[in-house]
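Please read the structure below before turning to the comments.
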Amino acid sequence: MIINHPILGPRDAQEFVYLGDAGLIERPDGLAEGAVDAFHDYLYLRDNPAGEHRELWYHEQGDRSWLVVTRNTLTHEITRVELARDVARAKGRSK
Amino acid sequence: MAEHRLKPLTPLGHDRPETVSIGPVTLTEVVDQALASLAARQGREEEVAQKAKAAGIPLPAAARAEPGTPYGAFWLSEQSWMVEAPYASHEDIRAILLPLFGDAASITEQTDAWVRFDVSGSDLSAMFERLCNVDLRAAPDNLATRTVIEHMGCYLVRRARDRLSVFGARSSAAALWHALETAAHSAY
Amino acid sequence: MTQSNRIAGGQIDRTRTLSFTFDGVAYRGHPGDTLASALLANGVRLMGRSFKYHRPRGPISAGSEEPNALVELREGARREPNTRATVAELFDGLSADSQNRWPSLSFDAMSIKDRLSSFLTAGFYDTTFRWPASFWEKVYEPIIRKAAGLGAMSRLEDPDQYDKGFLHCDLLIIGAGPAGLAAALSAGRAGAQVILADEDFRMGGRLNAETHEVGGMTGAGWAVQAVSELSHMPNVRLMPRTTIIAAVDHGIYGAVERVSDHLAVPAPGKPRQILWRIYSRRAILAGGATERPIAFENNDRPGIMLAGALRAYANRWGVAVGRRAAIFTNNDDGLRTAADLKAKGVEVRVIDVRKGEEVVDSSGRLGLKSVTIRSGGRLETFPCEALGVSGGWNPNVNVASHHRGRPVWEPAIEAFVPGQGDIPGLAAAGAAAGRFSTRAALETGAAAAEEALSDLGLAVPARDLPQAEDGAYAIEPKWYVAGGKGRAWIDQQNDVTLKDVKLAHQENYTSVEHLKRYTTLGMATDQGKTANVLGLAVMAGLTGKSIPETGTTIYRPPYTPVAMGTLAGRSRGQEFKPKRLTPSHHWASEQGAVFVEVGMWLRAQWLPRPGETTWRESVDREVLQTRRSVGICDVTTLGKIDIQGRDAAAFLDKVYANNFASLAVGKCRYGLMLREDGIVYDDGTTARLGEHEYVMTTTTANAVLVFRNLEYARQCLYPDMDVQLISTTEAWAQFSVAGPNARRLLQKIVDQDISDAALPYMGCKEITVCGGLRARIFRISFSGELAYEIAVPTRYGDALIREMVAQGAEFDAVVYGTEALGVMRVEKGHVAGNELNGQSSALNMGLGKMVSRKKDSIGMVLSQREGMTDPDGYRLVGVKPVNSAEKLTAGSHFLDKGAAPVMANDLGWLTSVVYSPHLGSSIALGYLKKGDERRGARLRSVNLLAKTEVEVEIVSPHFFDPEGERLRG
């Protein structure tokens, strides 16, 4: 597969390490009430869609950026690639 | 340079750097080079750019290298570069760079983390197409990119149409040298 | 032998003669020949025995679709089995052998299976060998393996090199026949970056096998001219002998280039083959079409071929397979073959299905002697040595279905064509698209190129195509000849007959996927290139459905078989993976060190001294000498990560389970990393070198993983933290110096004061050594001794170890390897890889109190889950044999006295076992249920695999200096 890196342009997916569902960005607060349940859901309850999927890829043999790649799991068509840092900030993550 | 009683070894483990010519290309182990990574701290990017400019340190765009004297640099990632300088004058490169940037940047000595092999000659793409997925035919003459050569993560820094540097992990210098030699014999 | 069947013409170089042998007999051929064409020229039609029934077989094709003529090429270590003689390029001195026969090709003892064929029909393996199970393993399988199968491996190491490489292009053209050449000319003239790949050693495709004129010259002549023009274009890369084996995603194609297969031995330094990964923006499939047979009784005799193959042998190679030939056809193309053969002086009889004629049987045990023809209700025998069969042509849709796209039935040509858009960016042209005339091939090839050019935003040049034939095809479907008591072959490579398909139908295996698996139709190395559509058509006839209703199986990569060596490339033997050498490697090699692979690193495992005969002697000495005086160990391999930034301290508090914010500048601290699920995954010490500057160490094995996870935390979880990361593992040569005399030794090296006051336990500082070389020192200990780690720029690592050994002579200093390191860490109860097993929590390791619950670190929350905090769970313990002379075995399980060795009674296991020279016995660490409460207990340590059982005592994991007095000394 070819991942169109937002900074570096098209790069072979072989240069990347796959992690999984981009929902992993939305880590719960570990000091909040009910954190055990929240973390359980966060870590173990994920959708496995046949179709569009937002997922985390790490450009290990490139610039070491984490990307959020929107990929169709049926066709491998990639429709969007974003820097994970931008996605994380958009979701309100900070420090 | 500090006076001390320890004798250095080249990355290939000898007293002097190696060089070999195969067909139209020459491979050279380059030891006269000091390296430091330079990363702008968050919110200090403009300041780093100004300080670098004042110090004559180029900060090239993504996937690009820029030469200079004494400082050259190539891009590593967003707001992070590898600064190059002659080893003879900049052996303790971090100590030289630190006062230039203060706490605006994170600077880390990288000199001995890497081995640098320079490859020069015509039609380098015939050799490198057997090593990595970088399209040298289409790439600009100032390309700088990370890539994989025989399982080894490397930086490819093009100096001119017919000359480039391969930076690999110092510990696997011999394996990388062997890979380059084998590809050259295969290609030419 | 003479080339008895060689006739005039052909694209072979008759000025040169090549000698070769087949089954030990010497023959001659010419440059341009394949092994098959040269053998046929010498009158040899019998080239192999069939897979299952050992039937005598000859080639049926002149290309890569060949199911029968599989041979072993070359001798010794270069012997290569299962090579198709029809594509093996002849070279001088080639030695080839037939396979799957014993004792000889003309007399094969295993052909008895042919007589037993009624027992060996489809489904035989499936149904007969199901029981009893032990019979399968002990009786059936060895017999079948010997009797069936194809060629044999040399079992010698392949002496040749195989490369891998990467190519980039705007347009990849698969196949250099008329369509591919027309496409390449259009795109090449437009300036596009073009790769034109063809599996053949001669470009031109069927133009080389036909006599049609193109542009007023022979088709082959036009192909030479086109290739010549292309070869002068710097933007066009011509790749003959290159098979596109796979269509991967997003325009990536796999290709195998046979660089040296046509040479006896590759030139020095040159690979035999190259596996290319081709990145293309657009691709054209111009891979032509494959002729298909018509099934009739005994249609597998040597001499019976596809009609186009007879034509190719005559026109391209100047070979008449027989002086008298019959052509059995259901289309006009078969008639063109007949005309070409007649023009070459061959006596030809045409049997035209469309005139109600058919071939019903043949004779000739080792080669065709005659065919039986039914015409107008009358049977007639026609003596001939060759029969060309044309049941029509199947477009080579193979690569187009590599993304699981289904080919589409095209009624006008009674064949499947590639579906539109099955592979994004790929368009079919020419015969591959079902456009069979030369003119249609040229036009569709040019049109596909023009479409690609305009997709790519390149200017489309005016079309300039030569004149070419546009003859009719006029096919009337005919799949098999009805009636007949004997066998009619459909898939000759897997020996599948018409009867087998009928049996599958009777047994209700009517779906194409079931048909394939029940009969093995199309499951041989040729993937049924000549057989699948025929088998499908037969099933369609039996079920009364149309062919498109019946469906089709699809093809998988690779298009043709690929040698394992090609897939391995250079990654084999000593070059399987790169070696990483430590800074002390040269010195250790000089000492005769024994090295161990730790990931890609080679580390000294122990360093034997003269007179030592066992590894234990060396390791015991290294441990005792270190504990008595001082030992030195290269620890460069541990991962080192430089962490800087205003938020570095806060960041460390996120990624480590224990507190780091309180760590003072100039101090080190042990850190424990958890996965988000609460399991421990790494540990190490992190030193604070400055206000906003840390250096973290990781285990050798996890250096890459930890870095990845730190980047993940930095970018995905805490994007506004000011933290910068870079690995410095390789930048510093780092040595551990441990033992009561460690400080005395180091004080001779270090230029500054390192007394206990100047550098207390867990202190660190930047120093200089040996008169001014910048260095770092960390007072940390893994061995339990007074210990330091000292780091210098890597280029000085070799000099530093030599200096330390020299300066240490007065203390009897020793250099120790990873075994001694392991002994000392077990003696101290430190966890390492065997305990960090991906299943254990901090609590299990006795480190539960380290996990701070006052901060939100990764893994903190789930480490507190039920189950993870089970008071009855595993705890790290020390283990000693009750009888100190007994040896412990790692992996042994704890059992109560008298308990049966079953899982229900399992209490845990021994993780790490070493011999402690200090205690004079085998000692171990282990995970034991309620281990904390069982101190002093006596249990059994049972290993059912090693068949050992030892009575053990459970003790503290801190065997040695439990109060830690030595390391603070």
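Protein chains in written order, with this note's numbering: chain A, 49 to 143; chain B, 627 to 814; chain C, 279 to 1247. Every residue gets a Cβ at the ideal spot worked out from N, C-alpha and C, and that includes glycine. Remember, predicted model here, so these are calculated numbers, not experimental data.
So, is the C-beta of residue i closer than 7 Å to a C-beta in chain B?
i	result
residue 137 of chain A	no
residue 79 of chain A	no
residue 56 of chain A	yes
residue 95 of chain A	no
residue 140 of chain A	no
residue 60 of chain A	yes
residue 533 of chain C	no
Helix or strand or just coil, what does DSSP make of residue i?
i	result
residue 737 of chain C	coil
residue 858 of chain C	strand
residue 746 of chain B	strand
residue 138 of chain A	helix
residue 676 of chain B	helix
residue 481 of chain C	coil
residue 1237 of chain C	coil
residue 627 of chain B	The pLDDT assigned to residue 627 of chain B is 48, lower than 50, so where the model puts this residue is not dependable; a value taken from the coordinates is nonetheless given after this. Three-state DSSP puts residue 627 of chain B in coil, outside helix and strand.
residue 713 of chain C	coil
residue 1094 of chain C	coil
residue 456 of chain C	helix
residue 52 of chain A	strand
residue 550 of chain C	coil
residue 660 of chain B	strand
When the Cα atoms are used, what is the spatial distance from residue i to residue j?
i	j	result
residue 642 of chain C	residue 770 of chain C	17 Å
residue 55 of chain A	residue 789 of chain C	49 Å
residue 899 of chain C	residue 1196 of chain C	10 Å
residue 1214 of chain C	residue 1206 of chain C	13 Å
residue 751 of chain C	residue 367 of chain C	32 Å
residue 88 of chain A	residue 1140 of chain C	8 Å
residue 240 of chain C	residue 783 of chain C	Absent from the structure is residue 240 of chain C, since the part of chain C shown begins at 279 and ends at 1247.
residue 805 of chain B	residue 548 of chain C	14 Å
residue 742 of chain C	residue 614 of chain C	27 Å
residue 306 of chain C	residue 522 of chain C	32 Å
residue 646 of chain B	residue 116 of chain A	44 Å
Any idea if residue i is buried or exposed, counting beta-carbon neighbours within 10 angstroms, 16 or more meaning buried?
i	result
residue 689 of chain C	exposed
residue 510 of chain C	exposed
residue 1225 of chain C	exposed
residue 62 of chain A	exposed
Does chain A have any CB closer than 7 Å to the CB of residue i?
i	result
residue 998 of chain C	yes
residue 763 of chain B	no
residue 583 of chain C	no
residue 703 of chain B	yes
residue 778 of chain B	no
residue 986 of chain C	yes
residue 325 of chain C	no
Can you check whether the C-beta of residue i is within less than 7 Å of a C-beta belonging to chain C?
i	result
residue 91 of chain A	yes
residue 64 of chain A	no
Could you pull out every residue in the same chain whose Cβ sits closer than 6 Å to the Cβ of residue i, ignoring the five residues on either side in sequence?
i	result
residue 821 of chain C	788
residue 627 of chain B	Legend: pLDDT at residue 627 of chain B = 48, less than 50; position of this residue unreliable, no value from coordinates given.
residue 1079 of chain C	862, 865
Can you list, in chain order, the residues of its chain whose CB lies under 7 Å from that of residue i, leaving out five sequence neighbours each side?
i	result
residue 1048 of chain C	1027, 1081
residue 729 of chain C	705
residue 688 of chain B	701
residue 121 of chain A	97, 98, 99, 101
By Cβ distance, which residues of its chain are closer than 8 Å to residue i, with the 5 residues on each side in sequence left out?
i	result
residue 354 of chain C	432, 434
Cβ-heavy atom distance between residue i and the ligand NAD below 6 Å?
i	result
residue 363 of chain C	As presented, the structure is devoid of all ligands, the ligand NAD included, so that no description of it is given.
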